[in-house]
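Chemist: Chains A and B are the protein sequences, given in the same order.
If you number the first sequence the way full-length UniProt numbering does, the last residue is 233 and the count never jumps.
If you number the second sequence the way full-length UniProt numbering does, the last residue is 233 and the count never jumps.
A virtual CB, placed ideally from N, CA and C, is assigned to each residue, including glycine.
Since we're looking at a predicted model, the values are computed, not measured.
2 protein chains.
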Amino acid sequence: MSTTGRGLHGQVLETLGPAITAGEYPPGSVLRTDELAQRFDVSRSVMREAVRVLESMHLVESRRRVGVTVRPKAEWNVYDPQVIRWRLAGADRPQQLRSLTMLRSAIEPAAAGLAAKYATAEQCAELTECALGMVAHSRGHQLEGYLVHDIAFHRVILNASGNEMFARLGDVVAEVLAGRTHHEVMFEDPDPAAVTLHVQVAEAVRAGDAVRAEHLTREITMGALQELDILAP
Amino acid sequence: MSTTGRGLHGQVLETLGPAITAGEYPPGSVLRTDELAQRFDVSRSVMREAVRVLESMHLVESRRRVGVTVRPKAEWNVYDPQVIRWRLAGADRPQQLRSLTMLRSAIEPAAAGLAAKYATAEQCAELTECALGMVAHSRGHQLEGYLVHDIAFHRVILNASGNEMFARLGDVVAEVLAGRTHHEVMFEDPDPAAVTLHVQVAEAVRAGDAVRAEHLTREITMGALQELDILAP
DNA sequence: CGCGATCAAAAAGTCAGACTTATATGTCAC
DNA sequence: GTGACATATAAGTCTGACTTTTTGATCGCG
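1) Quick one: is B/I151 near chain A, going by C-beta distance under 8 Å?
2) Are any of the Cβ atoms in chain A nearer than 8 Å to that of B/L103?
3) Is the distance from the Cβ of A/R104 to the Cβ of A/V176 below 8 Å?
4) On a Cα-Cα basis, can you pick out the residue from B/E122, B/T221, B/Q82 that is closest to B/D150?
5) Let me know the secondary structure DSSP gives A/S56 once reduced to three states.
6) State the beta-bridge partners of A/E61 as determined by DSSP.
7) For B/L31, which beta-bridge partners are listed by DSSP?
8) Taking beta-carbon pairs under 9 Å, can you tell me which members of the region 110 to 142 of chain B lie near chain A?
9) Give me the residue from A/S43, A/I84, A/V173 with the minimum Cα distance to A/L59.
10) Say whether the region 72 to 80 of chain B touches the region 128 to 140 of chain B, bearing in mind that this needs 3 or more beta-carbon pairs closer than 8 Å, one atom from each stretch.
11) Just the Cα atoms here: how many angstroms apart are B/P163 and A/L88?
12) Could you have a look at B/T120 and say whether DSSP puts it in helix, strand or coil?
13) Check each candidate in B/A91, B/H198, B/P26, B/A19 and name the one with the smallest Cα separation from B/C124.
14) Count the C-beta pairs between the region 51 to 70 of chain B and the region 100 to 119 of chain B that are closer than 8 Å, then say yes if the count reaches three, no if not.
15) Among the residues of its own chain, which have a CB less than 6 Å from the CB of A/G145, if the five just before and after it don't count?
16) Cα separation between A/L114 and A/Q38?
17) Identify each residue in the region 207 to 231 of chain B for which the Cβ-Cβ distance to at least one residue of chain A is less than 9 Å, and report them in chain order.
18) Please check if any C-beta of chain A sits within less than 8 Å of the C-beta of B/S56.
19) Do you know offhand how far B/Q142's Cα is from A/E214's?
20) Scan the region 160 to 192 of chain B and note each continuous alpha helix (DSSP H) run of 4 residues or more that stays entirely inside, going in chain order.
21) Please say whether A/A178 and A/L216 have beta carbons closer to each other than 8 Å?
22) Just verifying my parser: in three-state terms, what is the DSSP assignment at B/A131?
23) Residue 236 of chain A versus chain B: which residues are under 7 Å apart at the beta carbon?
24) Since A/E14 is in the alpha helix (DSSP H), which residue starts that stretch and which ends it?
25) Report the rounded CA-to-CA distance for A/T196 versus B/G10, giving the unit in angstroms.
26) I'd like to know whether the C-beta atoms of B/A204 and B/G223 end up nearer to each other than 8 Å.
27) 8 Å is my cut-off, CB to CB: does B/R100 come that close to chain A?
28) Is A/A224 helix, strand or coil when you go by DSSP?
29) Check B/V51 in the structure and name its three-state DSSP category.
30) Report the CB separation of A/L54 from A/G5 in whole angstroms; it is logged as a contact under 8 Å.
31) Name the chain B residues whose beta carbon is nearer than 9 Å to that of A/E89?
32) Suppose the cutoff is 8 Å on Cβ atoms and the five residues either side in sequence are ignored; what does the same chain contact list for A/T21 look like?
33) Is A/V78 close to chain B? Criterion is C-beta to C-beta, closer than 8 Å.
34) Any C-beta of chain A within less than 8 Å: which residues of the region 154 to 174 of chain B qualify?
35) Within 8 Å (strictly less), CB to CB, does residue 234 of chain A reach chain B?
36) Using the Cα positions of A/Y118 and A/R218, report the straight-line distance between them to the nearest angstrom.
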């Protein structure tokens, strides 16, 4: 799943990135390239490449005569999938999941509305297939199978919206859904009402009913938000 | 405003990045690091750093024995501010503005609703100040002054939402608003109805009326969408 | 004729060392 | 105290040699 450290600089990033996003080096901290290179036992060129990547994510800023300084959290590129993964793996995972769920709640209804207008016949077919898959795995502790279809469902919606910005959130949504199933322990079967809503969304999209698709999807994401509030109010 | 090419690798990126995002090198194109280094007259180390940054944006993929291949558009990190800037400067600026305006329409109402719940007294003050500034510059071809306050207004809303993901879209919104004023030529004064809506949003946020703030903001962004439809249906 | 193993070339990846440049900071005269 | 100047520091750059992975071609065998 996770990109297994492409090259040496990638391996360095895999430990340095999470360390920074976890706040292990507080904002304003100063790192020196040479010291880091020694610490990770790589050449300076490799370390420089790693720093460049961190810099492009706005996690750090490299300045002459001073070093590599960690930037304040507010400046990070929090939409970078890599940064999201690092943060989800770290300590503030709950807060991160909260932010992402809100983002999801804002985007997905709009995406569903657009999908109702622009979805191809093939996408409609996929959608109903996913919904049926969810129904089939909704009872009897088949959580993994349910999750797969749930993720696929929301991915299709986002792609069918025709908006590239929405489409690129597919990975984020997948991460959130997976996180809910895996981390926050779910013993019980999914809420039957949610399953029904998914089926209805698929119908609405097929029927080209934008407002209905949007409204139903909003109910789904509102449910996700309430779920969070119950877990961590 | 724009980051003036920090270092040599930055200067390389400033021409290579826009070239790639403009589709000058179609997906699947293969570049060789050494050749690029020669072309830009920089050392291989510098070019490698530039490639690493492009790679972190998922614009290209570097593989041994094959070279640096351009990835399909669908895989780009379209939320990276740098990528957004490059694309806005390029040929598909209209489509990009469209995508971003839709994104805005989805996010800002939700952000306004949250702002009504969480905005501090100081933020409320800023908000009304911005709204008044918009009113003051709404007549008599003071478009630049109007723009400044408009941008500030939406930035405050996004920050006051308390959601870091929303807050980070401040730059995007600023870019969209500025693009509308500058590129799509606006001769006339802004729509009085829009100005009024901003004032009302400020009021609603101060009053803590989340649903009203959300609804009013949705009207604002709907207006922006309709504006786009008129310009490019 | 097809198919798998082997081999060579190509390009990225890595490293080490020398050198350049910007800049923060301390020093000194005034 | 303030300004100009000197110095040290860490990033930035370049070069050349070497390593590693991977592709695709060649060759032998069934």
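Modeler: With the structure as the only source:
1) Within the second sequence, residue 151 of chain B is the residue found at index 151, counting from 1. So, not an interface residue.
2) Taking the second sequence and counting its residues from 1, the one referred to as residue 103 of chain B is at position 103. Taking Cβ atoms only, chain A reaches closer than 8 Å to B/L103, which makes this a yes.
3) If you number the first sequence from 1, residue 104 of chain A lands on position 104. If you number the first sequence from 1, residue 176 of chain A lands on position 176. Yes, they are a contact pair.
4) Taking the second sequence and counting its residues from 1, one reaches residue 150 of chain B at position 150. Considering only alpha carbons, the answer is B/T221.
5) Taking the first sequence and counting its residues from 1, the one referred to as residue 56 of chain A is at position 56. Three-state result, A/S56: helix.
6) Taking the first sequence and counting its residues from 1, the one referred to as residue 61 of chain A is at position 61. Paired residue(s): A/T69.
7) Against the second sequence, residue 31 of chain B aligns to sequence position 31. DSSP, once it has assigned bridges, lists B/V68 as partnering B/L31.
8) A110, A111, L114
9) Taking the first sequence and counting its residues from 1, one reaches residue 59 of chain A at position 59. With distances taken between Cα atoms, A/L59 lies closest to A/I84.
10) no
11) Numbered from 1 along the second sequence, position 163 holds the residue referred to as residue 163 of chain B. Numbered from 1 along the first sequence, position 88 holds the residue referred to as residue 88 of chain A. Rather than Pro, the amino acid found at residue 163 of chain B in this sequence is Asn. B/N163 and A/L88: Cα-Cα distance of roughly 16 Å.
12) Here residue 120 of chain B refers to the residue found at position 120 when the second sequence is read from its first residue. Three-state DSSP puts B/T120 in coil, outside helix and strand.
13) Residue 124 of chain B sits at position 124 when you count from the first residue of the second sequence. Of the listed residues, the one whose Cα sits closest to B/C124 is B/H198.
14) no
15) The sequence position of residue 145 of chain A within the first sequence is 145, counting from 1. Excluding sequence neighbours, A/G145 sits near H137.
16) The residue you call residue 114 of chain A lines up with position 114 of the first sequence. The residue you call residue 38 of chain A lines up with position 38 of the first sequence. Each residue's alpha carbon lies about 52 Å from the other.
17) none
18) Walking along the second sequence from the start, residue 56 of chain B turns up at place 56. At least one chain A Cβ lies under 8 Å of B/S56.
19) Looking up residue 142 of chain B in the second sequence gives position 142. Looking up residue 214 of chain A in the first sequence gives position 214. Answer to the nearest angstrom: the Cα atoms are 38 Å apart.
20) With a minimum length of 4 residues, the continuous alpha helix (DSSP H) runs that stay inside the region 160 to 192 of chain B are 164 to 167, 170 to 182.
21) As a working note, residue 216 of chain A is residue 216 in the first sequence. As a working note, residue 178 of chain A is residue 178 in the first sequence. Not a contact, by the Cβ cut-off of 8 Å.
22) Within the second sequence, numbered from 1, the residue matching residue 131 of chain B stands at position 131. B/A131: helix per DSSP, three-state reduction.
23) Here chain A covers residues 1 to 233 and nothing more, so residue 236 of chain A does not appear.
24) Counting from one through the first sequence, the residue named residue 14 of chain A turns up at place 14. Per DSSP, A/E14 belongs to the alpha helix (DSSP H) from 7 to 21.
25) To locate residue 196 of chain A, count along the first sequence from 1; it is residue 196. To locate residue 10 of chain B, count along the second sequence from 1; it is residue 10. If you take the alpha carbons of A/T196 and B/G10, they lie about 51 Å apart.
26) The residue you call residue 204 of chain B lines up with position 204 of the second sequence. The residue you call residue 223 of chain B lines up with position 223 of the second sequence. In this structure, B/G223 does not lie closer than 8 Å to B/A204 by Cβ.
27) Indexing the second sequence from 1 puts residue 100 of chain B at position 100. The sequence given here places Leu at residue 100 of chain B; Arg does not occur at that position. Output row for B/L100: interface = yes.
28) Residue 224 of chain A sits at position 224 when you count from the first residue of the first sequence. Note: A/A224 maps to helix in three-state DSSP.
29) Residue 51 of chain B sits at position 51 when you count from the first residue of the second sequence. Of the three classes helix, strand and coil, the one that applies to B/V51 here is helix, per DSSP.
30) Counting from 1 along the first sequence, the entry for residue 54 of chain A is found at position 54. Counting from 1 along the first sequence, the entry for residue 5 of chain A is found at position 5. 15 Å between Cβ atoms; not a contact.
31) Taking the first sequence and counting its residues from 1, the one referred to as residue 89 of chain A is at position 89. What sits at residue 89 of chain A in the sequence shown is Ala, not Glu. Chain B residues near A/A89: none, gap ~17 Å exceeds 9 Å.
32) One-based indexing of the first sequence puts residue 21 of chain A at position 21. Result list for A/T21: L59, W76, V83, W86, R87, G90, in chain order.
33) Here residue 78 of chain A is taken as the residue at index 78 of the first sequence, counted from 1. So, interface residue.
34) Per Cβ criterion, the list reads N163, E164, M165, F166, A167, R168.
35) Residue 234 of chain A lies beyond the stretch modelled for chain A, which goes from 1 to 233, so this question has no answer here.
36) Translated into the one-based positions of the first sequence, residue 118 of chain A becomes position 118. Translated into the one-based positions of the first sequence, residue 218 of chain A becomes position 218. The straight-line gap from Cα to Cα measures roughly 19 Å.
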